[in-house]
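Residues 1 to 479 in full-length UniProt numbering are what the sequence shown lists, from first letter to last.
Backbone N, C-alpha and C define an ideal beta-carbon position, used for all residues, glycine too.
So the structure is just underneath, and the comments pick up after that.
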Amino acid sequence: MITPRFSCTQNDTSVIVKVYCPSIRASEVEINVDGQLVVLHVQPYFLRLNFPHPVLEDGQSNAQYDPTSAYLTLTLTKESSGQFFEDLDLLSRLLAPRPTQGEQPPVIEVLDSQDTPSERREASLTSEQQEILQAASNDWQLPQTAPDSLPSLNLTSKKYYGFLDLYTGYFTNIKFSENEVNELNDVESCPLEDRRKLRLQHEEDKWDEEHYMADFADDTFIQELLSWQDDRAEDENSFSDEENMILLRLPRKECMLALFLLRNHLSHDCIDIFDPRQERNIYYNLAALLFAYAYDNRTTMHDPTPESAWTICSLIPAFSALDPPPYGSPDSPAPNITEAQAVSSPSFDETELAATLTQSYRRSLAFPLYRSFSLAEACRRDIAGILSKGKRAAIHRLLEMKHTLDHHEVYYIYSKIWIDDYCVWLQTSGSDEKLQEMAAALSRIKVTKDMIGWDLLELEAATQRSGGSTPDSDDDSDT
Numbered sequence: 001m002i003t004p005r006f007s008c009t010q011n012d013t014s015v016i017v018k019v020y021c022p023s024i025r026a027s028e029v030e031i032n033v034d035g036q037l038v039v040l041h042v043q044p045y046f047l048r049l050n051f052p053h054p055v056l057e058d059g060q061s062n063a064q065y066d067p068t069s070a071y072l073t074l075t076l077t078k079e080s081s082g083q084f085f086e087d088l089d090l091l092s093r094l095l096a097p098r099p100t101q102g103e104q105p106p107v108i109e110v111l112d113s114q115d116t117p118s119e120r121r122e123a124s125l126t127s128e129q130q131e132i133l134q135a136a137s138n139d140w141q142l143p144q145t146a147p148d149s150l151p152s153l154n155l156t157s158k159k160y161y162g163f164l165d166l167y168t169g170y171f172t173n174i175k176f177s178e179n180e181v182n183e184l185n186d187v188e189s190c191p192l193e194d195r196r197k198l199r200l201q202h203e204e205d206k207w208d209e210e211h212y213m214a215d216f217a218d219d220t221f222i223q224e225l226l227s228w229q230d231d232r233a234e235d236e237n238s239f240s241d242e243e244n245m246i247l248l249r250l251p252r253k254e255c256m257l258a259l260f261l262l263r264n265h266l267s268h269d270c271i272d273i274f275d276p277r278q279e280r281n282i283y284y285n286l287a288a289l290l291f292a293y294a295y296d297n298r299t300t301m302h303d304p305t306p307e308s309a310w311t312i313c314s315l316i317p318a319f320s321a322l323d324p325p326p327y328g329s330p331d332s333p334a335p336n337i338t339e340a341q342a343v344s345s346p347s348f349d350e351t352e353l354a355a356t357l358t359q360s361y362r363r364s365l366a367f368p369l370y371r372s373f374s375l376a377e378a379c380r381r382d383i384a385g386i387l388s389k390g391k392r393a394a395i396h397r398l399l400e401m402k403h404t405l406d407h408h409e410v411y412y413i414y415s416k417i418w419i420d421d422y423c424v425w426l427q428t429s430g431s432d433e434k435l436q437e438m439a440a441a442l443s444r445i446k447v448t449k450d451m452i453g454w455d456l457l458e459l460e461a462a463t464q465r466s467g468g469s470t471p472d473s474d475d476d477s478d479t
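Have a look at this one:
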């Protein structure tokens, strides 16, 4: 079955769904409305929408098909007139299946031998067969739980990576792909602790004092980049038709967290302890992704070049070394947060956030063409501005990154294992409030030059003594 292209709008009394389904017979359209769930079926299209609030199929509801435009328009009455249906533009969220109700199959008791043959057959079913019968009446959504105490066994040398560590096998033939971003020798068997060591060593090898001092001494063009303003007139609260098509084509993974728990042999009972900390790391890594976007956006003045894909991937530790947050720092180690604190305090820890940005700063000073601490500071302010506008603004930027990477013959792989899932996750689980909270934290934190670990202050002082540069306001404050 094909999921058709669609869009949703609303007014005070109705929800309007426009579905693009060419070459159909209007007489064959089947529509079923069940509270929040609306199912449309017409060969070869199938669309199941789960709205945040109930709708009705009454006298005011109707369906009209325009064969000229090939759009089927459904008008569904709101159960509560005037109620606002949030996130109708987040199409992946509407496509998510209705949560299972957790109802148990009915208990069957044989009272006497006068039961009918069908009743006797039902009574003889195993508990598993009864569960399947119950699931069949509930959209075939079989309930699943991971074993509570399954031992952790490593039966393969492969390691997992990507969003929520859900991927493996994508770099099996890395030696033949000419991937200049990859910093790992054997990606598929390299554990996380070794990835971090290799990444840090690679950064040390690529660090070039003379390059940094040259950019500090002659910063004319960097000053132009610092003064550049991204003044695009765009609507952050809506997506274009092209963006909607991209979002609809994304793989829908409503059970990403469940997959993570299953792969790590964790029970769903652990979710209250596990989820806040893991979710916080997802937000931290989003800041790293947007830092890379902000750097490329500012250095190209929003006109991506053939080098943009390499620049973006090189600046993100989770891409180049499959090494996502959390990070520690010798100068500012991440605090030891207890499980109880992780659950009770959803706020972002500014030390952890600063440690995340420190990795991005280091890479921006070791790899790309323009290596300036002031430029890294400008990127931090840029991502704070993006996140302050909420998840739709973040999705816009991720879609730009996705477009850049998808058109590269090698680096498209990072779009598949990271950006696609981030776009889905932001639509279905991202929080505007948490993004704005992180934006406020990014505006407050201070990444100092001594946190980078490359004696930047001494190098700048030596450059100034040789008459190569005069300190600016940023240089005076970063001690």
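Span of the beta strand (DSSP E), counted from its first residue to its last, around residue i
i: F46; result: 45–50
i: D66; result: 62–66
i: residue 480; result: Summary: the structure shown does not reach residue 480, with the chain confined to residues 1 through 479, and so no result is reported for it.
For residue i, three-class secondary structure by DSSP
i: C379; result: helix
i: E180; result: coil
i: Y283; result: helix
i: A83; result: Note on identity: in this sequence residue 83 is Gln, with Ala being the wrong assignment. Coil.
i: R371; result: coil
i: K159; result: coil
i: N244; result: helix
i: H41; result: strand
i: T305; result: coil
i: V410; result: coil
i: V55; result: strand
i: I386; result: helix
i: I222; result: helix
i: I2; result: strand
i: residue 507; result: Residue coverage of the chain in this structure runs from 1 to 479, which leaves residue 507 outside it and unanswerable.
i: N185; result: coil
i: L173; result: As written in the sequence, residue 173 is Asn, which differs from the Leu given in the question. Reduced to three states, the DSSP call for N173 is coil.
i: T448; result: coil
i: S347; result: coil
Cutoff 8 angstroms; reference residue i; Cβ partners in own chain excluding five residues on either side
i: T13; result: Q60, T77, K78, S81, G82
i: Q427; result: D87, L90, L91, S92, R93, L247, K391, I395
i: L459; result: E209, Y212, M213, F216
i: H302; result: D230, R232
i: D241; result: none
i: M401; result: L289, A292, Y293, I312, S415, I419
Element boundaries [alpha helix (DSSP H), containing residue i]
i: N32; result: Note, N32: premise wrong, no alpha helix (DSSP H); beta strand (DSSP E) at 30–34.
i: I419; result: It is not in any alpha helix (DSSP H) - I419 carries neither H nor E in the DSSP assignment.
i: I16; result: From DSSP, I16 is part of no alpha helix (DSSP H) but of the beta strand (DSSP E) over 14–20.
i: R392; result: 391–406
i: R362; result: 350–366
i: L76; result: It is not in any alpha helix (DSSP H) - L76 instead sits in the beta strand (DSSP E) that spans 71–78.
i: Y212; result: 209–217
i: A440; result: 432–444
i: S238; result: No alpha helix (DSSP H) holds S238; DSSP gives it neither H nor E.
i: D205; result: 192–206
i: A318; result: 317–320
i: R93; result: 91–95
i: A462; result: 456–465
Close-in-space but distant-in-sequence residues of the same chain around residue i (CB under 6 angstroms, 5 per side omitted)
i: E30; result: H41
i: D420; result: L250
i: K158; result: T168, E188
i: E57; result: V33
i: R196; result: D323
i: T9; result: I16
i: S7; result: K18
i: E350; result: A441, I445
i: L192; result: none
Proximity of residue i and residue j at Cβ, strictly below 8 angstroms
i: R298; j: D382; result: yes
i: F46; j: T75; result: no
i: R423; j: Y295; result: The question names Arg, yet the displayed sequence has Cys at residue 423. No, the Cβ-Cβ distance between C423 and Y295 is not below 8 angstroms.
i: L72; j: V19; result: yes
i: T309; j: H202; result: The amino acid occupying residue 309 in the given sequence is Ala; Thr does not appear at that position. Contact: no.
Cβ shell of residue i (< 7 angstroms), same chain only, five flanking positions each side left out
i: W207; result: A366, W454
i: S69; result: none
i: C313; result: V181, F319, S320, Y411, Y414
Below-8 angstroms beta-carbon distance, residue i vs any chain B residue
i: I445; result: As a matter of chain content, chain B is missing from the structure shown, which is built from one protein chain.
The ligand COA heavy atom lying under 7 angstroms from the CB of residue i
i: L72; result: For the ligand COA, the structure offers nothing, since it holds no ligand at all.
Does the region 277–284 touch the region 315–326, meaning 3 or more C-beta pairs lie closer than 8 angstroms?
yes
Would the region 215–222 count as touching the region 288–296 if we require 3 or more Cβ pairs under 8 angstroms?
no
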